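Read the structure below first, then the notes.
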Amino acid sequence: MEEEIKRFALVWVSAIVSVSYCYYILPRIKAGVPRLLFILPVCLQFFVSPMLFSSWFFIFPIMFFLTGMATLKLMLFAFDLGSLSPRPSSLFQFICFTCFPIKKLEQNPKSQFSFHKWILAAKVAIVGVLFMFHVRGYKYNLPPVLLWGIYPLYMYLPFELGLTLLKSMLTIVLGCDLEPVFDEPYLSTSLQDFWGRRWNPVVSSILRSGIYSPLRGRSKSKSGLSKFIGVSTAFLASGLFHELIFFYTSGHETPSGGVTLFYVLNGVCTATEIVVKRSEFGKRWTVRPVVSWMLTMTFMVVTSGWLYFPQMIRGDQIRQYTKYVFVS
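Residue numbers for the sequence shown follow UniProt numbering, so the first one is 1 and each next one is one higher.
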């Protein structure tokens with residue numbers, strides 16, 4: 001463990017040096033393919049870094065912050081796109097906006113992202129209850145159906161609260177308003193609302209700028225088909241990246257394809273929903289918000305329980321976490 005801690009610190013020192021190189025050197029290079037060629041060694045370093053560790057406790061933050069956030073943002077920066085363009089005024093800001101899932105809030109926070117303190121308090125209370133259930137062993141007395149129903153809360157709430165705390169600290173340090181890491185995804189009334197606005201808006205923005213918009217721009221027609229292809233491709237890319245995460249954290253087990261299928265299925269359904277809503281049929285027939293919310297949440301629970309969560313108990317590393325919070 002001590003050796004991995006030292007290695008973890010060295011990886012982050014190396015990452016800061018690499019991002020600093022991107023800040024000072026890359027703006028002197030013409031945007032596009034030439035700048036991308038100078039970025040690729042940094043991206044390769046971030047992809048290889050998780051292989052230096054054996055514990056998911058070190059693998060996951062490197063995968064999420066460096067292999068995921070930093071790599072995608074720097075590749076967009078190569079073409080003067082994304083949250084790094086225009087380039088932040090200071091190196092410290094550039095490092096933070098590169099490595100962490102944050103983005104400057106472009107609109108008045110009160111008008112678009114009203115985050116009530118009581119909602120945050122309720123989430124903290126729920127996490128406390130889940131922790132008590134685990135410590136006291138109450139979950140052994142719960143029906144299996146209910147146990148699987150609260151399983152997503154074990155995975156989602158600590159993750160959201162951790163990123164929210166990180167965002168709050170960076171808001172103070174950077175002195176600017178930042179977009180929320182999540183925007184109450186459980187209130188989504190459609191798949192487009194869930195994936196496009198409420199679930200991890202920063203990642204959605206990256207996929208939109210890096211995959212969806214270029215594909216739409218290259219399409220000769222702006223028809224529903226080009227939109228369908230753009231949305232589906234963005235989801236496919238997200239699925240492949242999540243397969244890579246599970247590959248590293250499962251002890252390099254061969255991917256089953258379930259995670260990719262989850263994202264492809266959601267991508268196809270989201271794209272279909274967008275096309276249908278903009279058609280004459282969709283404009284003529286509207287669904288009540290309560291009904292659309294129930295359909296959306298049911299779809300997410302069923303598909304994640306069928307395809308996504310089973311992958312989280314594959315492999316020794318992931319099982320270390322799931323066994324602790326769910327099985328033990």
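In this text, a Cβ means the ideal position worked out from N, Cα and C, and glycines have one as well. Model, not experiment: these values are computed from the prediction.
Measuring straight from C-alpha to C-alpha, what distance separates P201 and P255?
The sequence position of residue 201 within the sequence shown is 201, counting from 1. The sequence position of residue 255 within the sequence shown is 255, counting from 1. Going from the Cα of P201 to the Cα of P255 covers about 27 angstroms.
By a C-beta neighbour count over all protein chains shown, 10 Å radius and 16 as the cutoff for buried, is F131 buried or exposed?
To locate residue 131, count along the sequence shown from 1; it is residue 131. The residue is exposed, with fewer than 16 neighbouring Cβ atoms inside 10 Å.
Take R7 and list the residues in its own chain whose beta-carbon comes closer than 6 angstroms to its own, dropping the five residues that flank it on each side.
Taking the first residue of the sequence shown as position 1, residue 7 is located at position 7. These residues qualify, in order along the chain: L52.
Examine the Cβ distances between the segment 80 to 93 and the segment 40 to 50 and report whether three or more of them are shorter than 8 angstroms.
no
So A237 is in the alpha helix (DSSP H); what residue range does that whole segment cover?
The residue given as residue 237 occupies position 237 in the sequence shown. 224 to 249 is the extent of the alpha helix (DSSP H) around A237.
Contacts around M1, its chain only, beta-carbon distance under 8 angstroms, and the 5 residues preceding and following it disregarded
Walking along the sequence shown from the start, residue 1 turns up at place 1. Same-chain partners within the cutoff: S55.
In whole angstroms, what separates the C-alpha of V181 from that of F194?
By 1-based counting over the sequence shown, the position of residue 181 is 181. By 1-based counting over the sequence shown, the position of residue 194 is 194. Each residue's Cα considered, the two are about 13 angstroms apart.
Using 10 angstroms around the beta-carbon of D177, count the other beta-carbons present and answer buried if the total reaches 16, otherwise exposed.
The residue labelled residue 177 in the question sits at position 177 within the sequence shown. In summary, D177 is exposed, with fewer than 16 beta-carbon neighbours lying within 10 Å of its beta-carbon over all protein chains present.
Can you say whether T286 is buried or exposed, counting buried as having 16 or more other CB atoms within 10 angstroms of its CB?
In the sequence shown, counting from the first residue as 1, residue 286 sits at position 286. By the 10 Å Cβ count, T286 comes out exposed.
From which residue to which residue does the alpha helix (DSSP H) around T98 run?
Numbered from 1 along the sequence shown, position 98 holds the residue referred to as residue 98. Counting along the chain, the alpha helix (DSSP H) containing T98 begins and ends at 91 to 99.
C-alpha gap between F113 and I150, whole angstroms
Taking the sequence shown and counting its residues from 1, the one referred to as residue 113 is at position 113. Taking the sequence shown and counting its residues from 1, the one referred to as residue 150 is at position 150. Only weak support is given to the placement of F113: the predicted model assigns it a pLDDT of 45, under 50, and the question is left unresolved by the model.
Closer than 6 angstroms by C-beta to S14: which residues in its own chain qualify, once you throw out the five before and the five after it? Chain order, please.
Locating residue 14 in the sequence shown gives position 14, where the first residue counts as 1. Counting only Cβ-Cβ distances below 6 angstroms, and skipping sequence neighbours, we find nothing.
Measure the Cβ-Cβ separation of E179 and I119 and say whether it is below 9 angstroms.
By 1-based counting over the sequence shown, the position of residue 179 is 179. By 1-based counting over the sequence shown, the position of residue 119 is 119. Not a contact, by the Cβ cut-off of 9 angstroms.
Assign F281 to buried or exposed, taking buried as 16 or more other Cβ atoms, counted over all protein chains shown, within 10 Å of its Cβ.
Taking the first residue of the sequence shown as 1, we reach residue 281 at position 281. Exposed, since its Cβ has fewer than 16 Cβ neighbours within 10 Å.
E160 to F94 span [Cα, whole Å]
Taking the first residue of the sequence shown as position 1, residue 160 is located at position 160. Taking the first residue of the sequence shown as position 1, residue 94 is located at position 94. E160 and F94: Cα-Cα distance of roughly 23 angstroms.
Is it buried or exposed for R278, if we count other Cβ within 10 angstroms and need 16 for buried?
Within the sequence shown, numbered from 1, the residue matching residue 278 stands at position 278. With fewer than 16 Cβ atoms within 10 Å of its Cβ, R278 is classed as exposed.
Could you round the C-beta distance between T296 and S190 to whole angstroms and report it? I think they count as a contact, below 8 angstroms.
Counting from 1 along the sequence shown, the entry for residue 296 is found at position 296. Counting from 1 along the sequence shown, the entry for residue 190 is found at position 190. The Cβ separation is near 6 angstroms, so the contact holds.
Is K104 helix, strand or coil when you go by DSSP?
What you label residue 104 is simply residue 104 of the sequence shown in a count that begins at 1. Correct three-state label for K104: strand.
Can you tell me the Cα-Cα spacing of G224 and L265, whole angstroms?
Counting from 1 along the sequence shown, the entry for residue 224 is found at position 224. Counting from 1 along the sequence shown, the entry for residue 265 is found at position 265. Looking at the two C-alpha atoms, the distance is approximately 18 angstroms.
Is the number of C-beta pairs between the segment 243 to 258 and the segment 209 to 216 that are closer than 8 angstroms three or more?
no
Indicate whether T98 and K73 have their beta-carbon atoms separated by less than 9 angstroms.
Looking up residue 98 in the sequence shown gives position 98. Looking up residue 73 in the sequence shown gives position 73. Against a cut-off of 9 angstroms, the Cβ pair of K73 and T98 comes out as a contact.
For L153, name the three-state secondary structure that DSSP assigns.
To locate residue 153, count along the sequence shown from 1; it is residue 153. Correct three-state label for L153: helix.
DSSP three-state label for F113, please.
Translated into positions along the sequence shown, residue 113 becomes position 113. Because the pLDDT at F113 is just 45, under 50, the model does not fix this residue reliably, and the point stays unresolved.
Collapsed DSSP secondary structure at L215 in the structure displayed:
Here residue 215 refers to the residue found at position 215 when the sequence shown is read from its first residue. Helix at L215.
Three-way DSSP call (helix, strand, coil) for L36 in this model:
Residue 36 sits at position 36 when you count from the first residue of the sequence shown. Helix, per DSSP.
Look at the alpha carbon of H242 and the alpha carbon of V129, and state the distance between them as a whole number of angstroms.
Here residue 242 refers to the residue found at position 242 of the sequence shown. Here residue 129 refers to the residue found at position 129 of the sequence shown. So the alpha carbons of these two residues sit roughly 29 angstroms apart.
When you compare only the Cα positions, how much space is there between C269 and P289?
Here residue 269 refers to the residue found at position 269 when the sequence shown is read from its first residue. Here residue 289 refers to the residue found at position 289 when the sequence shown is read from its first residue. C269 and P289: Cα-Cα distance of roughly 18 angstroms.
Does DSSP classify L84 as helix, strand or coil?
As a position in the sequence shown, residue 84 is number 84, starting the count at 1. Correct three-state label for L84: coil.
Could you say which of F299, W199, V302, Y24 lies nearest to F92 if we only look at CA atoms?
Taking the sequence shown and counting its residues from 1, one reaches residue 92 at position 92. The candidate whose alpha carbon is nearest that of F92 is Y24.
For I5, count the other beta carbons within 10 Å of its own beta carbon; 16 or more makes it buried, fewer makes it exposed. Which is it?
Here residue 5 refers to the residue found at position 5 of the sequence shown. Exposed is the call here.
Considering only residues of the same chain and omitting the five flanking positions on each side of T260, which have a CB-CB separation below 8 angstroms?
In the sequence shown, counting from the first residue as 1, residue 260 sits at position 260. For T260, where only same-chain residues beyond five positions count, the Cβ hits under 8 angstroms are L236, G239, L240, H242, E243.
Provide the residue span of the alpha helix (DSSP H) that contains residue 361, from first to last.
There is no way to answer for residue 361, as the model of the chain reaches only from 1 to 328.
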